[in-house]
Structures are given as structure tokens and as C-alpha cells.
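Take a look at the structure set out below.
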Amino acid sequence: MADRTVTRAIETDVEADVILAILKDPRLIPRWAPAFADTVEVDTKNGWRVVKDDAAFSLELVISPSSRTVDYLREIAPGKRGGAYIRVLQPPNGGSVVVMTLPVAGANVEAVTSVLTQELRQLVALSEIAPESS
Numbered sequence: 051m052a053d054r055t056v057t058r059a060i061e062t063d064v065e066a067d068v069i070l071a072i073l074k075d076p077r078l079i080p081r082w083a084p085a086f087a088d089t090v091e092v093d094t095k096n097g098w099r100v101v102k103d104d105a106a107f108s109l110e111l112v113i114s115p116s117s118r119t120v121d122y123l124r125e126i127a128p129g130k131r132g133g134a135y136i137r138v139l140q141p142p143n144g145g146s147v148v149v150m151t152l153p154v155a156g157a158n159v160e161a162v163t164s165v166l167t168q169e170l171r172q173l174v175a176l177s178e179i180a181p182e183s184s
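Per this note's numbering, residue 51 is the first one in the sequence shown, and the count goes up by one each step.
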């Protein structure tokens, strides 16, 4: 069976709540995932509006603070939603582990893996400069 998703994880000393705060604000997506979004704005009708390379689409956030999950969902085919599924794990000795799964959707698996790895690194870098109170 061909790969349908790519999953990667990154470990950091940054506390899970700091990472989660960044993920819960989709306006920050262009700072850590520029391959996905150039801009993200509030859309009162559909939640969020994402623009990438002059194309716009609606984005839905599904957040579960108690399980530290944030999913970014969009319509990927008529009647089907998919997107980035993100989990922020809190190890017993502090820090966090961020796990993200992306659909491959006919794209080159190696290219998706490379982009995902870079996005996770940029997310951690952004979290390292984020205020602890965020």
C-alpha cells in the first residue's frame, strides 16, 4: 500500500503549554509553516481563511486542550476533510514532544517529509522565543 500520511516528531525543552499556545493561534502558522500559508485571517463565516500563493481556502481548528491536540482541517476533496493532526506530549521530566501527521495526497513522500521536518524545527524555534505566559 502506498503511503497516505507522513508522521514526524521533535523533542524540545520548551514546555508543552507554550507549544500548544502557538498552535492554537493559526495566525502564527505562516511563521512556522510558510509552505502551507502566506497569511491566516479570521473568517467569521468559516473560522479561518488561509491564503497561499494567491489561492484561498477555509481552515477549521479542532482543539482539545486536555489532550493537547490541535488539528488544522480543510476540505481536501468534495465532502472530505483532512489536514495536519498535531499532538503535544508532556514527558515526565519536562519539555515536550510534538508529533505531527500530514496527508501525502499524491505528493512526493520525501518532499512532504522534508517540509514537515522543517516545519517542526521552525515551530520549536518560534516557541523558544515565545513568552512563557503565552
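Where a beta carbon is used, it is the ideal one built from N, C-alpha and C, also for glycine.
On a predicted model such as this, the values are computed, not experimentally measured, just so you know.
Three-state class that DSSP yields for Val162 in the structure shown:
Helix at Val162.
Quick one: what does DSSP say Ala106 is sitting in, helix, strand or coil?
Strand at Ala106.
Assess, as a yes-or-no matter, whether the region 69-85 is touched by the region 120-140 under the definition of 3 or more beta carbon pairs within less than 8 Å.
Between the region 120-140 and the region 69-85 there are three or more C-beta pairs closer than 8 Å, enough to call the two in contact.
Going by alpha carbons, who is nearest to Phe86 out of Leu176, Leu152, Gly156, Glu178?
The shortest Cα separation from Phe86 among Leu176, Leu152, Gly156, Glu178 belongs to Leu152.
DSSP on Thr89, reduced to helix/strand/coil?
In the three-state reduction of the DSSP assignment, Thr89 falls in the strand class, which pools E and B.
Let's see if you can read the secondary structure: which residues bound the alpha helix (DSSP H) around Leu70?
Unbroken alpha helix (DSSP H) run through Leu70: 66-73.
Roughly how many angstroms separate the alpha carbons of Val148 and Trp82, rounded to a whole number?
Looking at the two C-alpha atoms, the distance is approximately 13 Å.
C-beta atoms of Arg124 and Phe107 nearer than 8 Å:
Judged by beta-carbon spacing, Phe107 lies within the 8 Å limit of Arg124, meaning their Cβ atoms are closer than that value.
Using a Cβ-Cβ cutoff of less than 6 Å, which residues in the same chain neighbour Gln172 once the five nearest sequence positions on both sides are dropped?
Sequence-distant Cβ neighbours of Gln172 in its own chain, meaning closer than 6 Å and more than five residues away, are Trp82.
Identify, in the order they occur along the chain, each residue of the same chain with its Cβ nearer than 6 Å to the Cβ of Trp98, setting aside the five sequence neighbours on each side.
Around Trp98: Pro76, Val90, Leu109.
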